[in-house]
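Down below is the structure, laid out as structure tokens.
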Amino acid sequence: NIFRVLGDFSHLASIFILLHKIQQLKSCSGISFKSQVLYMLVYITRYLDLPWTSSPYNFIFKVLFISSELYIIYLMARAYKPTNDPNLDTFHVEFLLGFAGLLALLFPYKYTILEVFWAFSIWLESVAILPQLFMLQRTGEAEAMTAHYIAALGMYRALYIPNWIYRYFSEPTHKVDTIAVTAGILQTILYSDFFWIYYTKVMRGEKFKLP
Amino acid sequence: EPGVPIKDEL
Chain G
1 NIFRVLGDFS HLASIFILLH KIQQLKSCSG ISFKSQVLYM LVYITRYLDL
51 PWTSSPYNFI FKVLFISSEL YIIYLMARAY KPTNDPNLDT FHVEFLLGFA
101 GLLALLFPYK YTILEVFWAF SIWLESVAIL PQLFMLQRTG EAEAMTAHYI
151 AALGMYRALY IPNWIYRYFS EPTHKVDTIA VTAGILQTIL YSDFFWIYYT
201 KVMRGEKFKL P
Chain R
212 EPGVPIKDEL
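In structure tokens:
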């Protein structure tokens, strides 16, 4: 459906915006390396089923997400390392890993390796933006491209919510993926403050600056 | 499988 497709392309667009920002400004300043590593972990643990992915659409996106994230991490850790300031990127990711790990172990759909890792990836994704938002809060402002990146990334999961509602009514089984839906709503709530400032400032041509 | 949604999303 349209929400799902727009969501996935928003996700892809966010990655292109981020790569464009890093390469055009030859800098990864303002980007949280910790959030990027968490996204890498999200992709690895979610796409363990990559070799068995039957849908070409999903397969292509999975390969694109994993490879582009690897490239972003390479750029941040090697090519543009001097522009990456660890003193601003100080969020304690062990809390996020603990949160995702605990929920994955307590409530997986099934106690299999794939299911536990899948649940872990869903919960981890829901909070993986926090180091980035924390960094933004510390610097108080962001380059336009960084703000566009975070907005597109947040829009992706937000668009999954109408997708789930649409699927619930349009598919005869009326299935609800409780883990994905709960985590997706949590993820979107975490972005809400950012979305508000993005809407009131950046979309009106102003700089992204915290009040 | 009952209870396990098909992982057809990203």
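These protein sequence lines map, in sequence, to chains G and R. If you use the numbering used here, the first sequence corresponds to residues 1 to 211, in order. If you use the numbering used here, the second sequence corresponds to residues 212 to 221, in order. Yeah, the Cβ is synthetic: ideal placement off N, Cα and C, and Gly gets one too.
Going straight from the alpha carbon of glutamate 206 of chain G to that of asparagine 58 of chain G, what length do you get?
37 Å
Run down chain R in chain order and give the residues with a C-beta less than 9 Å from the C-beta of asparagine 87 of chain G.
Going along chain R, no residue has its Cβ under 9 Å from asparagine 87 of chain G, so there is no contact; the nearest lies around 34 Å.
Bridge partners of alanine 142 of chain G, per DSSP?
G:Phe208
Closest by CA to serine 32 of chain G, which one among G:Ile150, G:Tyr199, G:Leu190?
G:Ile150
At what residue ranges does the region 14-53 of chain G contain a whole run of the alpha helix (DSSP H), taking only runs of 4 or more?
33-46
Measuring alpha carbon to alpha carbon, tell me which residue in G:Ala152, G:Val37, G:Thr182 is nearest phenylalanine 194 of chain G.
G:Ala152
Compare the Cα-Cα distances from threonine 45 of chain G to each of G:Leu186, G:Leu114, G:Val127 and report the closest residue.
G:Leu114
Consider the Cβ of asparagine 1 of chain G: report whether some Cβ of chain A lies at a distance smaller than 9 Å.
No chain A is present in this structure, whose protein chains are G and R.
Flag this pair as touching only if the region 19-37 of chain G and the region 137-150 of chain G have three or more C-beta atom pairs under 8 Å; answer yes or no.
yes
State the Cα-Cα distance for the pair lysine 62 of chain G and proline 211 of chain G, rounded to the nearest angstrom.
37 Å
In the DSSP assignment, find the alpha helix (DSSP H) that holds phenylalanine 195 of chain G and state where it starts and stops.
178-200
Measure the alpha-carbon distance for leucine 19 of chain G versus alanine 144 of chain G and round it to whole angstroms.
14 Å
Near isoleucine 122 of chain G, which residues of its chain fall below 6 Å by C-beta distance, leaving aside the five closest residues on each side in sequence?
Ile179, Ala180, Ala183
Less than 9 Å between the beta carbons of valine 42 of chain G and isoleucine 73 of chain G, yes or no?
no
What whole-angstrom Cβ distance do alanine 158 of chain G and threonine 112 of chain G have, given they're in contact under 8 Å?
That pair is no contact at about 30 Å.
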